[in-house]
Amino acid sequence: MLEDIKFSVSMCVYGGDNAQWFKTAVESVLNQTLVPNEIVLVVDGPVPDDLNAVILKLEENDTFKVIRLKKNHGHGIARKTGLDNCSNELVAIMDADDISARNRFARQIEAFRNYPDSDIVGGMITEFIDTPENVVGKRIVPLEDSAIKEYMQCRCPMNLVTVMFKRSSIEKVGGFIDWYCEEDYYLWLRMALANMKFRNVDNVLVNVRVGKEMYQRRGGVKYFKSEVKLQKYMLDNKIIGYSRYLLNVTERLILQVLMPNKMRSFIFQKLARSK
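The numbering of the sequence shown is the numbering used here, which starts it at 1 and goes up by one.
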């Protein structure tokens with residue numbers, strides 16, 4: 001029975017998150033067809049009163065384990081803190097402003113039951129602006145391990161906000177390590193180098209809240225430099241060759257530095273959200 005398998009959900013929230021969006025995200029976790037027996041919430045630094053009120057209410061629920069960090073450390077450290085405090089072997093990631101499909105966790109637990117050698121299971125996402133019904137894009141990723149690892153050579157092959165993984169597998173490769181906007185991609189690369197098994201289910205697991213701010217974060221010189229550093233890591237570890245390295249860097253230079261934000265939004269929504 002799927003209900004016999006215990007798993008944790010790891011969430012992070014910080015002062016810039018919207019209190020109502022966070023509440024909606026939490027409700028999408030609590031109203032699953034298969035519910036977690038533990039939700040670890042890392043509060044990454046001080047938060048405003050309206051957001052703190054939601055967190056204080058959650059602390060009354062025995063399912064929640066709330067860890068408060070005195071200052072904001074960023075996603076990498078916050079996610080590592082969350083993972084360190086999870087009690088179960090299977091851990092799902094959830095963001096503070098997205099909405100999980102009601103059968104998300106059931107689909108993932110079923111995948112682990114059917115493919116027990118998997119170290120991580122993710123899935124597809126849709127992206128919406130303002131209201132969940134206003135879907136503006138869909139990010140499709142490969143399903144099988146070999147295809148995921150091939151896709152990894154050019155783009156991030158897992159949608160972080162959808163993943164559920166074996167805690168022991170993540171810890172074997174060092175867990176989440178801070179890397180500007182790329183701590184997830186960096187983790188998948190280290191897992192691939194350790195010959196771990198990837199899988200994505202062919203279902204939309206999370207509806208992701210997006211907007212112009214997200215596309216701005218996906219551009220700029222700082223983001224580009226972080227991407228180039230990651231591409232160099234892939235080159236040095238023979239995940240890609242030099243020609244693929246040059247192609248990847250050139251594409252990112254155009255998309256992240258030379259392209260205006262409005263055009264970048266169009267590319268991400270219409271062209272960059274498919275296999």
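All C-beta atoms in this analysis are idealised placements derived from N, C-alpha and C, irrespective of residue type, glycine included.
Predicted model, so just to flag it, every value in this text is computed and none were measured.
Practice task
Leaving out five residues on either side along the sequence, give the residues of the same chain with a beta carbon under 7 Å from the beta carbon of Gly74.
Solution key: Asp178
Problem - Euclidean distance between Cα positions of Ala194 and Ser146 - result: 14 Å
Problem - Inter-residue spacing [alpha-carbon to alpha-carbon] between Ile93 and Val121 - result: 11 Å
Handout entry: Backbone secondary structure at Gln256 - three-state DSSP
Key = helix
Handout entry: Residues of its chain near Pro46, where Cβ-Cβ distance is below 7 Å and the 5 sequence neighbours each way are ignored
Key = Gly15
Handout entry: Reduced DSSP secondary structure (H/G/I, E/B, other) of Asp62
Key = coil
Problem - Uninterrupted alpha helix (DSSP H) stretches inside the stretch 182-249 (no shorter than 4 residues) - result: 183-193, 212-217 and 221-236
Exercise for the section: Decide yes or no for the touch test of the stretch 218-237 against the stretch 163-182: beta carbon pairs closer than 8 Å, at least 3 of them. Expected result: yes
Problem - Residues bridged to Val43 (per DSSP) - result: Val13 and Arg68
Exercise for the section: Return the CA-CA distance between Leu69 and Glu171, expressed in angstroms with no decimal places. Expected result: 21 Å
Practice task
Note down the Cα distance separating Ser8 from Leu90, rounded to an integer number of angstroms.
Solution key: 6 Å
Handout entry: Supposed contact pair Gln231 and Tyr245 - C-beta distance, whole angstroms, cut 8 Å
Key = 6 Å
Handout entry: Among Val26, Asn31 and Gly76, the one whose alpha carbon lies nearest that of Asp44
Key = Gly76
Handout entry: Option nearest Asn88 by Cα separation, candidates Tyr115, Leu160, Pro36 and Leu258
Key = Pro36
Handout entry: Anticipated Cβ contact below 8 Å, Phe141 with Pro157, distance rounded
Key = According to the sequence provided, residue 141 is Val. The question's Phe does not apply to it. That belief holds up - the Cβ atoms of Val141 and Pro157 are roughly 6 Å apart, short of 8 Å.
Handout entry: Segment contact, 8 Å Cβ cut-off, at least three pairs: the stretch 54-66 with the stretch 119-136
Key = no
Problem - Closer than 7 Å: Ser118 CB and nearest the ligand SAM heavy atom - result: Among the components of this structure there are no ligands whatsoever, and the ligand SAM is therefore not found.
Problem - Distance between Lys80 and Gly175 (C-alpha atoms, nearest Å) - result: 7 Å
Practice task
Just mark Asn114 as buried or exposed, buried being the case when its beta carbon has 16 or more other beta carbons within 10 Å.
Solution key: exposed
Exercise for the section: Give a yes or no on whether the C-beta atoms belonging to Arg199 and Ser100 are separated by under 8 Å. Expected result: no
Practice task
Would you tell me roughly how many angstroms separate the C-alpha atoms of Lys275 and Asn18, rounded to the nearest one?
Solution key: Unreliable positioning characterises Lys275 in this predicted model, as indicated by a pLDDT of 40, which lies under 50. A coordinate reading is not provided.
Practice task
For Val66, collect the residues of the same chain with a Cβ closer than 6 Å to its Cβ; drop the 5 residues on either side in sequence, then sort them by chain order.
Solution key: Leu41 and Glu59
Exercise for the section: Decide if Ile254 is buried, meaning its Cβ has at least 16 other Cβ atoms within 10 Å, or exposed. Expected result: exposed
Exercise for the section: Please report the Cβ distance between Ala25 and Asp98, rounded to the nearest whole angstrom; I am assuming they are in contact, meaning their Cβ atoms lie under 8 Å. Expected result: 6 Å
Handout entry: Separation of Asn85 from Ala272, as counted between CA atoms
Key = Low confidence applies to Ala272: its pLDDT is 49, below 50, so where it sits in the model is not reliable enough to give any reading.
Handout entry: Distance between beta carbons of Val208 and Gln108, contact taken as under 8 Å
Key = About 17 Å; that fails the 8 Å criterion.
Problem - Where the beta strand (DSSP E) through Met139 begins and ends - result: The residue you asked about is not Met; residue 139 is Arg in the sequence shown. Val135 to Arg139 is the span of the beta strand (DSSP E), which, as asked, contains Arg139.
Handout entry: Opening and closing residue of the beta strand (DSSP E) in which Leu90 lies
Key = Leu90 to Met94
Problem - Extent of the continuous beta strand (DSSP E) run through Gly122 - result: Ile120 to Phe128
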